[in-house]
Amino acid sequence: MQLDMKQSDDSYSMAAKERMAIELDGLVGRLNEVGSALATLNIFRRADIEIEGKKRRLNDFAQVDLGPDPMAGTFKVIIHNPVAIPGAVAVLKENKFINIDMSSKRELKVVKPRLTVQQEDDLETEVKRVTKSSLSKLASIKSDALQRVQAAIKAEYIEPAESKKATLQLDDLIRQSGTHASILGLIRRKQLIGGGLTFDGPEEEALYKRINDRAYKDVWQEMLLPKSGEEDDDE
3 MQLDMKQSDD
13 SYSMAAKERM
23 AIELDGLVGR
33 LNEVGSALAT
43 LNIFRRADIE
53 IEGKKRRLND
63 FAQVDLGPDP
73 MAGTFKVIIH
83 NPVAIPGAVA
93 VLKENKFINI
103 DMSSKRELKV
113 VKPRLTVQQE
123 DDLETEVKRV
133 TKSSLSKLAS
143 IKSDALQRVQ
153 AAIKAEYIEP
163 AESKKATLQL
173 DDLIRQSGTH
183 ASILGLIRRK
193 QLIGGGLTFD
203 GPEEEALYKR
213 INDRAYKDVW
223 QEMLLPKSGE
233 EDDDE
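Per our numbering, the sequence shown runs over residues 3 to 237.
#1: Buried or exposed: V132, going by 16 or more other Cβ atoms within 10 Å of its Cβ?
#2: Among L33, Q65, G55 and S38, which residue has its Cα nearest to the Cα of R48?
#3: In the DSSP output, what is F77 paired with across the bridge?
#4: Since I believe A18 is in contact with I143 (beta carbons under 8 Å), could you give me their beta-carbon distance rounded to a whole number of angstroms?
#5: Looking at D50: is its Cβ nearer than 8 Å to the Cβ of L60?
#6: Hey, how far is the Cα of E233 from the Cα of D220?
#7: Going by the beta-carbon positions, is the gap between V93 and I53 smaller than 8 Å?
#8: Apart from the five residues on each side of it in sequence, which residues of its chain come closer than 6 Å, Cβ to Cβ, to R190?
#9: Report the residue from S136, V85, L68 and Q121 whose alpha carbon sits nearest the alpha carbon of K111.
#10: Does any residue of chain C have a CB that is nearer than 8 Å to the CB of A64?
#11: Tell me where the alpha helix (DSSP H) around N101 begins and ends.
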């Protein structure tokens, strides 16, 4: 996501721009965590099965394949050894996945249960909370930069004309970054809920029309894919 510097290239605005860009990157990661499919991806990770009298990790014989869209209503379980099918099915049912096609010994086709209205409301509320928090952080970055500009004027490090340009640039940066943050939140709400979003006024509804802009193509995909951290299998 691009932040333009058309008003001024002063050091205070440049520093604010860098901090805002870091915050937007962090927002993408935090939005990715809301409603992440990571739990489904790792559903077999801690489960064991017994093969020839020996306890083995189920994940060695059955693995979840979320496909190109982890938010889709179905996913597959790739079976590497048919002996793992009963254990895989049992774990899936324990986790509320009861619609399972077992017609193939090579893969299970699983239909996700539909979200309840309350679950959808909870997800949308959490996305809004994360987005609002990021908007506050962006505003704080601008405020901090403005204070530095004012201090520089008093110390006569910069001229009033230069400070005016810096102030205009900071105003422009918060407008750009705030728009990006709001659209990122709308993209995640769309990914999680689908249609039927409720908008907080006409401005948000207008921003929603931009969620498919080319500028957000990469982050759209980035928020779709579950991020798995490095974990110790022997824990």
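Glycine is no exception: its CB is placed at the ideal position from the N, C-alpha and C atoms.
From the atom records:
#1: Looking up residue 132 in the sequence shown gives position 130. Classification for V132: buried.
#2: Here residue 48 refers to the residue found at position 46 when the sequence shown is read from its first residue. Ranking L33, Q65, G55 and S38 by Cα distance to R48 puts Q65 first.
#3: Against the sequence shown, residue 77 aligns to sequence position 75. Answer is V112.
#4: Position 141 of the sequence shown, counting from 1, holds the residue named residue 143. Position 16 of the sequence shown, counting from 1, holds the residue named residue 18. Right, their Cβ atoms sit about 5 Å apart.
#5: If you number the sequence shown from 1, residue 50 lands on position 48. If you number the sequence shown from 1, residue 60 lands on position 58. Cβ atoms of D50 and L60: closer than 8 Å.
#6: As a first step, residue 233 must be located in the sequence shown, where it is residue number 231. As a first step, residue 220 must be located in the sequence shown, where it is residue number 218. Low confidence applies here, because E233 scores a pLDDT of 45, under 50, leaving its location unreliable and the question unanswered by this model.
#7: Stepping through the sequence shown from its first residue, residue 93 is reached at position 91. Stepping through the sequence shown from its first residue, residue 53 is reached at position 51. Cβ atoms of V93 and I53: not closer than 8 Å.
#8: Within the sequence shown, the letter at position 188 stands for residue 190. Correct list, in chain order: L33, V129 and M225.
#9: Numbered from its first residue, the sequence shown carries residue 111 at position 109. Of the residues S136, V85, L68 and Q121, the one whose Cα lies closest to the Cα of K111 is L68.
#10: Absence of chain C from the displayed structure is noted, only one protein chain being present.
#11: What you label residue 101 is simply residue 99 of the sequence shown in a count that begins at 1. For N101, there is no enclosing alpha helix (DSSP H); the enclosing beta strand (DSSP E) has its first and last residue at N101 to D103.
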